[in-house]
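Trainee: Below is a structure I'd like to ask you about.
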Amino acid sequence: MILEYIHADNSHEFIEFSNSSHLTNNWEYIQNPNKLNFIQNFIPSYLSGQKIVLFDANHKQLLDFYNKNDINKLEGIEELAEDTKLLFFTSGSSGFPIGAFKSKRNLECEVKSLQKIVSKNKIQRVVVTVPFVHIYGVLAGLLLPLSLGDITLVIKEDFLPYELIEEAKKEHTLVVTTPVFIKALGKLPSEHKLENTLFISSTAPLALEDVTLFEEKCDSKVMQLFGSTETGGIAYKFGSSVEWQPLDGVSVAMQEDKLSICSEFISPYLLKESIEKLSQPYVTEDIVEIKNNTFTLIGRSNKLIKIAGKRISALQIENILEEIPEIDKAIVSLVYKKELLRSEQIVITLEADMKLDKKRIKEKIAQYYGIITIPFTLKYVDKINYSAMGKKVIFK
Numbered sequence: 014m015i016l017e018y019i020h021a022d023n024s025h026e027f028i029e030f031s032n033s034s035h036l037t038n039n040w041e042y043i044q045n046p047n048k049l050n051f052i053q054n055f056i057p058s059y060l061s062g063q064k065i066v067l068f069d070a071n072h073k074q075l076l077d078f079y080n081k082n083d084i085n086k087l088e089g090i091e092e093l094a095e096d097t098k099l100l101f102f103t104s105g106s107s108g109f110p111i112g113a114f115k116s117k118r119n120l121e122c123e124v125k126s127l128q129k130i131v132s133k134n135k136i137q138r139v140v141v142t143v144p145f146v147h148i149y150g151v152l153a154g155l156l157l158p159l160s161l162g163d164i165t166l167v168i169k170e171d172f173l174p175y176e177l178i179e180e181a182k183k184e185h186t187l188v189v190t191t192p193v194f195i196k197a198l199g200k201l202p203s204e205h206k207l208e209n210t211l212f213i214s215s216t217a218p219l220a221l222e223d224v225t226l227f228e229e230k231c232d233s234k235v236m237q238l239f240g241s242t243e244t245g246g247i248a249y250k251f252g253s254s255v256e257w258q259p260l261d262g263v264s265v266a267m268q269e270d271k272l273s274i275c276s277e278f279i280s281p282y283l284l285k286e287s288i289e290k291l292s293q294p295y296v297t298e299d300i301v302e303i304k305n306n307t308f309t310l311i312g313r314s315n316k317l318i319k320i321a322g323k324r325i326s327a328l329q330i331e332n333i334l335e336e337i338p339e340i341d342k343a344i345v346s347l348v349y350k351k352e353l354l355r356s357e358q359i360v361i362t363l364e365a366d367m368k369l370d371k372k373r374i375k376e377k378i379a380q381y382y383g384i385i386t387i388p389f390t391l392k393y394v395d396k397i398n399y400s401a402m403g404k405k406v407i408f409k
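Structure follows, in structure tokens:
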């Protein structure tokens, strides 16, 4: 693998990196420096078999955890299986970040599964826009390119959409990115012929409209990956398909409407308040319908709203509300208040040019679902942004 690094002034440099590193018996921390430094630290450590803790030093909760705890002294750390080599943390969007231990087998089996899918495209270059500190960045952005062998890995600290297009124009390119970029590329003014380029998007679901616009504007394919830090990859799909195909090594079933999986990629241990061993099958919080070994994702159990007897994903309502010209971004969440006659309520948080009448919100939702009967409250914030991994976050 050849590393091509694009500097801030858009000059290109080809950089060699070591494949070996001094090995210790301790867990070593790799924080969130720039991408080049991360690669130079991570790859030799990983290939040498070093035990590594990856976390985003910009995440205040994780930084506080790091300052107060020595991972090497946690109770139960010595009981982990010998092959347990990496510790990733979730984003913590639903509470304190959970740590997910991974064995090298977890990661290498998943990379083999991904390689089987993308190898049909005869990949010669891999362009990565995502940070490497999260599991998706490591798996698809580093370990997959390494497994592909004689390819060029192209990285820049921060790509702009038009810069990414220029890199994607080169034939037999794989672009590892997020829904934010897919949406942005679909909105560029000119059309592009990228039929020999494959895009992989993960970390958040893509709206059907964004996928369709992107593929029409760029004449290219986008493959979405579905999974989590704890489970690793679960399934994939191309384009506007609603059916998810399990990755090789993953078997799926339903348990009380929830997705249940057995997989070679699932973390053997989690770090919560203590180290916990995971058993399989693992039941996720995803509500699904399974047919012929594929499944349709209805939504997260804590992000589903029942309207007129039909389960609707909060993400669907977010996409609908963002069609209103004055609304830039929306986050829809479901809360429960047992003391009220109707315990389910919607909280809609908006980044908007102006405050809107609730009647207009109701009318917009009613265009799709009829008159909404669940009460909701509106909140306005100055900024809803996207994390580096493509998830919506509120700046306070």
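Note that the sequence shown covers residues 14 to 409 in the working numbering. Don't be surprised by glycine CBs; every beta carbon is placed ideally from N, CA and C.
(1) For my contact list, VAL235 and GLY252 are in at a C-beta cut-off of 8 Å; report their separation, rounded to the angstrom.
(2) State yes or no: is the C-beta of TYR381 within less than 8 Å of the C-beta of ILE333?
(3) Indicate whether at least one CB of chain B lies closer than 8 Å to the CB of LYS396.
(4) Under the three-state reduction of DSSP, which class applies to ASN23: helix, strand or coil?
(5) Pull the bridge partners of SER273 from the DSSP assignment, please.
(6) Identify which residue in SER233, MET14, GLU222, PRO259 has its Cα closest to the Cα of LEU328.
(7) Give the straight-line distance between the Cα atoms of ILE43 and SER61, rounded to the nearest whole angstrom.
(8) What whole-angstrom Cβ distance do ASP261 and LYS129 have, given they're in contact under 8 Å?
(9) Taking the Cβ atom as the reference point for each residue, do VAL189 and VAL141 lie within a distance shorter than 8 Å?
(10) Can you name the residues that DSSP bridges to ILE333?
(11) Give the secondary structure of ASN305 by DSSP, where H, G and I count as helix, E and B as strand, and everything else as coil.
(12) Just curious, the alpha helix (DSSP H) that GLU121 is in, first and last residue?
(13) Below 8 Å, how does it come out for the stretch 91–100 and the stretch 116–125: are there three or more Cβ pairs, yes or no?
(14) Taking 7 Å as the limit between beta carbons, can you name the residues of its chain near GLN293, skipping five residues before and five after?
(15) On the criterion of 16 or more Cβ atoms from any shown chain inside 10 Å, does GLU331 qualify as buried, or is it exposed?
(16) To the nearest angstrom, how far is the alpha carbon of LEU187 from that of LEU211?
(17) On a Cα-Cα basis, can you pick out the residue from TRP257, ILE300, VAL263 that is closest to GLU269?
(18) Return yes when the Cβ of LYS48 is within less than 8 Å of the Cβ of PHE145, no when it is not.
(19) With 16 other CB atoms within 10 Å as the buried threshold, where does ALA379 fall?
(20) So which of LYS169, LYS81, PHE27, THR307 has the shortest CA-CA distance to GLU256?
(21) Could you give the distance in angstroms between the alpha-carbon of LEU347 and the alpha-carbon of SER326?
(22) Is the stretch 24–38 in contact with the stretch 55–69, if contact means three or more CB pairs nearer than 8 Å?
(23) Whose C-alpha, out of PRO218, ALA248, GLU204, THR244, is nearest the C-alpha of GLU229?
(24) Assuming ILE111 contacts TRP40 under a Cβ cut-off of 8 Å, what Cβ separation, rounded to an integer in Å, is found between them?
(25) So what does DSSP say about ILE111, is it helix, strand or coil?
(26) Beta carbon of GLU336, beta carbon of ALA365: below 8 Å?
(27) What three-state label does DSSP hand ILE374 in the structure shown?
(28) Please work out which residues of its chain come closer than 7 Å, Cβ to Cβ, to GLY150, disregarding the five sequence neighbours upstream and downstream, and give them in chain order.
(29) For ILE178 and ILE164, I'd like the C-alpha separation in whole angstroms.
(30) By Cβ distance, which residues of its chain are closer than 6 Å to PHE389, with the 5 residues on each side in sequence left out?
(31) With distances taken from CA atoms, which of MET14, ASP370, LYS342 is nearest SER160?
(32) From the DSSP output, read off the bridge partner residues of TYR392.
(33) Can you tell me which of the three DSSP states THR443 falls into?
(34) Starting from GLN258, follow its DSSP beta bridges and name the residues at the other end.
(35) Given this structure, state the Cα-to-Cα distance separating THR242 from TYR295, to the nearest angstrom.
(36) Can you tell me the Cα-Cα spacing of PRO259 and TYR249, whole angstroms?
Mentor: In short, the structure shows the following:
(1) 7 Å
(2) yes
(3) Looking for chain B here will not work: only one protein chain is present.
(4) coil
(5) ALA266, VAL296
(6) GLU222
(7) 15 Å
(8) 6 Å
(9) yes
(10) DSSP lists no partner for ILE333.
(11) coil
(12) 117–131
(13) yes
(14) CYS275, ILE279
(15) buried
(16) 5 Å
(17) ILE300
(18) yes
(19) exposed
(20) THR307
(21) 10 Å
(22) yes
(23) GLU204
(24) No, ILE111 and TRP40 are not in contact; Cβ-Cβ is about 17 Å, not under 8 Å.
(25) coil
(26) no
(27) helix
(28) VAL143, PRO144
(29) 19 Å
(30) ILE359, ILE361
(31) MET14
(32) Rather than Tyr, the amino acid found at residue 392 in this sequence is Lys. BP columns for LYS392 point to THR362.
(33) Any answer about residue 443 is impossible in this case: the structure gives the chain only from 14 up to 409.
(34) TYR249
(35) 13 Å
(36) 6 Å
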